[in-house]
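Scroll down for the structure; my scribbles are underneath it.
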Amino acid sequence: MNSIKIHFSINPKVETALFKNRPVLALESTIIAHGIPYPENIKFARQAESLVRKYGVTPATIAIINGKIHVGLNNKQLEILTSSNNIEKIAVQDIAFAITQELTGATTVSATMCLAHLAGIDVFATGGIGGVHRNSKNTYDISQDLIELSHTPMVVVSAGVKAILDIPKTLEYLETFSIPVVGYQTNEFPAFYSHSSGISLKTRCNTPELVAQLFINHQKIDLQSAILVANPVSKSDEIPKNVIDKYIDAALAECSEKNIIGKKVTPFLLKRIVELTDGQSLKTNIALALNNVKLGAQIVLKLSEIEI
Ligand code: PSU
Ligand code: MN
């Protein structure tokens, strides 16, 4: 059988870095195609990539373009993904179909993890992973991101889980599926837009080096899950929980009134919250994602130093 690699197009800079065992950080594309509007998304994508380069790390934004898996995008490809309005949202479930039908789409956390791992990348930074939705008791809506985290060994940096979700249930799920969750310089799980959720964490790491060491030990005992690094947004960029909660509730109510389900739920809620907060949540989303990208770069850098 042909290897999946025939469907891969690895950017030359990423390929050289991987070949020479230099640090590479994976970045996802759904956040830019469906989570942040144009033109803030292209600005964010470029800022994220140059922040990674500042640390001497090669960024690898992942997406599927005309049925080909791209690991590392050029400017034109970033422009297409951020400015077109017919970009698919591709989770793991959709990858094979996207290849077969030669579709162009942005990869979610689950698909990005799966493809980054296939390409040999160990660390990935996003905004906030998907998780258990608040009315999951009725809808069964639980993100594929959690399943991928349970069986793909890499470090994923996220500002907790998106606050539109049921945070305690998501944490229970992460525990059930043996996914280590470490607070980065915090004892509390972050709540995406807010610095903390009020839920305590059992494990904490204070330095990128410690996270790198943790991942090395995780791999030494052949554990197959990812390690989720919960990195809170800074207090100066956060929207306090008591302020954002009422907008989240309003957006959730509209979502169920309009009968929005499946893949459309998360983009709808994020967009509505941007409108309801008059753009404030967008600023916070960008700040927390850049904060994660920075930590991701620091972790992969340490990892490459230790592994030498
Ligand atoms: N983080 C953000 N904005 C986003 C996402 C994450 O700051 O738009 C995306 C990720 O790609 C994540 C997806 O995988 O939302 C979750 O979608 P769903 O709930 O449909 O699984
Ligand atoms: Mn879902």
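If you're matching positions, the sequence shown starts at 52 in this note's numbering and goes up one per residue.
Here a beta-carbon is modelled for each residue, glycine too, at the ideal position from N, C-alpha and C.
Here the structure is a predicted model, which is why all the values come from computation and not from measurement.
- DSSP links residue 156 through a beta bridge to 115 and 139.
- For residue 77, the pairing in a beta bridge is given by DSSP as 111 and 175.
- Counted as a single uninterrupted DSSP element, the stretch harbouring residue 274 is not any beta strand (DSSP E), since DSSP gives it neither H nor E.
- Shortest Cα-Cα distance from residue 158 to any of 293, 120 and 106 involves 120.
- By the Cβ-count criterion, residue 349 is buried, with 16 or more other Cβ atoms from all chains shown falling within 10 Å of its own Cβ.
- Counting only runs that start and end inside the stretch 211-298, the alpha helix (DSSP H) elements of at least 4 residues fall at 218-227 and 259-271.
- When DSSP states are grouped into helix, strand and coil, residue 187 belongs to the helix group.
- Residue 121 is bridged by DSSP to 60 and 114.
- Distances between the C-beta of residue 96 and the heavy atoms of the ligand PSU are all 7 Å or more.
- Contact between residue 281 and residue 245 fails: their C-beta atoms lie close to 13 Å from each other, not under 8 Å.
- Beta-bridge annotation (DSSP): residue 307 is not paired with any residue.
- Taking a contact as a CB-CB distance under 8 Å, the pair residue 175 and residue 211 does not count as one, their CB atoms being some 16 Å apart.
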